[in-house]
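Protein sequence lines correspond, in order, to chains A and B. Under the working numbering, think of the first position of the first sequence as 1, with each following residue one higher. Under the working numbering, think of the first position of the second sequence as 1001, with each following residue one higher. Just so it is clear, CB atoms sit at the ideal spot from N, CA and C, and this is done for glycine as well.
Number of protein chains: 2
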Amino acid sequence: MGEDGTSRFDPAIGRRLRGLREARGLSLSELARRAGVGKATVSGLEHGTRNPTLETMYAIAAALSVPMSALTLDPGAPAGDASPVRGRAVVSTLLEVFREPGATYEMLRLRILAGVEQTSPAHPPGVTEHLSVVQGTIRTGPAAAPLTAGPGEHLSWASDVPHVYAALGGEEALAILLIRTPHDPAAAAGGAPEGAARRSSAG
Amino acid sequence: MGEDGTSRFDPAIGRRLRGLREARGLSLSELARRAGVGKATVSGLEHGTRNPTLETMYAIAAALSVPMSALTLDPGAPAGDASPVRGRAVVSTLLEVFREPGATYEMLRLRILAGVEQTSPAHPPGVTEHLSVVQGTIRTGPAAAPLTAGPGEHLSWASDVPHVYAALGGEEALAILLIRTPHDPAAAAGGAPEGAARRSSAG
DNA sequence: TCCGATCGTTCCGTTTACGGAACGATTTCA
DNA sequence: TGAAATCGTTCCGTAAACGGAACGATCGGA
């Protein structure tokens, strides 16, 4: 299979892998170390010159804390319910990962069970989160100063501090969360307010 | 990784693969031929003695008309939204595959868009379908004599004839579908009525 | 301005996944 | 009952995925 001398494989996997790795601020060497695979393997994968084994894919996906399907995006998986990340009371599903010139974006679908309040640790500096409420009432933002929003409203905050997610009103809440990780942490442009959350109501 | 002389890999993948293959009435040789891989590869995979490459997994999943995640069931994928099968207006998601002594069962989640009516071709003789309505109103069964059921109601029919799925009442419908494929097509025990659908309403 | 650390790439020997062929067992049909 | 077909497994040579090591480039601190 693929006999042209250079033996290429699906380049999209390489792009997604590199995107996820860099979005987490991991070097290629560090990811290889955490996954317990060789640097040559990760490098070859990102360049699309290797046809990885399942074992390799599992190891790398685990090191990135994503399900394997976030890397393969296998054709069957619908844009909309591909791959849940992290367990707990807040169920988040990775929908899409894409890179822009200045930053990497991860789009997730959040499902917060009724009455639940969960605190997430701080992200690296420069990372911002943008949440759009679909259903229910959500209280979120920096743990020190959260805000509340209902369906159709949006919240944004700098997530370099611990932040909370809570479903109010005894009802399960649904939201789309966009995490923006700038490639240059210094330039947090296109970001969010400094200390607290900001609420807006679109459309 | 896995240095015990016998070099085993995840046996669950092998079991699922064999289940899906046999549920489709395919021989190992035939599946290998359709997937364009060697018989030794399929055999080794089913026995859990090989660590397949992504390319191999893609080829086999495609030959079975399932997304790769139906074989890997990767840990991230939630029971409930793992892997959609077949496109069109009726979106079906493979939830689980399990084998019993007499038959193989495939459990799917059906989502029928509002107002849609779709006809599916006949399955091999002996195959029966059992549908449980979760939301909306569904009209289904043999195309010649379909029945209608609402939330909490169940429909069963022998699916060796073309059958339809329709969402009534201008509302999207949701259902769980169980497909039973007997290992011995002659003995269609535990099955459904002969010509038409049967409706029941469980407490 | 060195020097050390770390970056990502490339080279290399080992391991192993691959497909094809050969195999015995089982089934099918004349 | 024998011959042919097909079943799933096993053997084998080849291709390639693997991890480790060596490489030059880049960055940071003394």
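Can residue i and residue j be called in contact, C-beta distance under 8 Å?
i         : j         : result
B/His1130 : B/Leu1178 : yes
B/Thr1140 : B/Ala1166 : yes
A/Leu31   : A/Arg16   : no
A/Gln118  : A/Val164  : yes
A/Met57   : B/Leu1071 : no
B/Ser1159 : B/Thr1128 : yes
B/Ser1069 : A/Ser69   : yes
When you measure from the CB of residue i to every non-hydrogen atom of the ligand SAM, does any distance come out below 7 Å?
i       : result
A/Arg34 : The model depicted lacks the ligand SAM and carries no ligand whatsoever.
Quick one: what's got a C-beta closer than 6 Å to residue i's C-beta in the same chain, skipping five residues either side?
i         : result
A/Arg34   : Ala63
A/Ala44   : Just to set this straight, residue 44 of chain A is Gly in the shown sequence, not Ala. These residues qualify, in order along the chain: Arg50.
A/Ile60   : Ala35
B/Val1161 : Ala1122, Pro1142
B/Thr1148 : Arg1139
A/Ala144  : none
For residue i and chain B, any beta-carbon pair shorter than 8 Å?
i        : result
A/Leu54  : yes
A/Ser69  : yes
A/Arg15  : no
A/Thr119 : no
A/Thr49  : no
A/Thr72  : yes
Establish whether the CB of residue i and some CB of chain A are separated by less than 8 Å.
i         : result
B/Thr1041 : no
B/Gly1019 : no
Beta-carbon within less than 8 Å of residue i's beta-carbon, same chain only, minus the 5 sequence neighbours each way: which residues are those?
i         : result
B/Leu1028 : Arg1021, Lys1039, Val1042, Ser1043, Glu1046
B/Pro1146 : Arg1139, Thr1140, His1163, Val1164, Ala1166, Ala1197
What are the partner residues of residue i, as DSSP defines its beta bridges?
i         : result
B/Tyr1165 : B/Gln1118, B/Thr1140
A/Pro67   : Its beta-bridge partners do not exist; DSSP assigns none.
B/Ala1173 : B/Ile1112
A/Ile179  : A/Glu106, A/Glu129
B/Leu1147 : B/Thr1140
B/Thr1053 : A/Thr53
What residues in its chain sit with their C-beta under 7 Å from that of residue i, if we drop five residues either side in the sequence?
i         : result
B/Gly1025 : Pro1124
A/Gly150  : Val133, Thr137
A/Gly170  : Ala114, Gly115
B/Pro1052 : Leu1045
A/Val37   : Thr56, Ala59, Ile60
B/Pro1075 : Confidence is the limiting factor: at B/Pro1075 the pLDDT is only 48, short of 50, which leaves the residue's position unreliable, though a coordinate-based value still follows. Cβ neighbours of B/Pro1075 beyond the five flanking positions: none.
Query raised in the report: Given 8 Å as the limit, is there contact between the segment 156-176 of chain A and the segment 105-117 of chain A, that is, 3 or more CB pairs closer than that?
Result: yes
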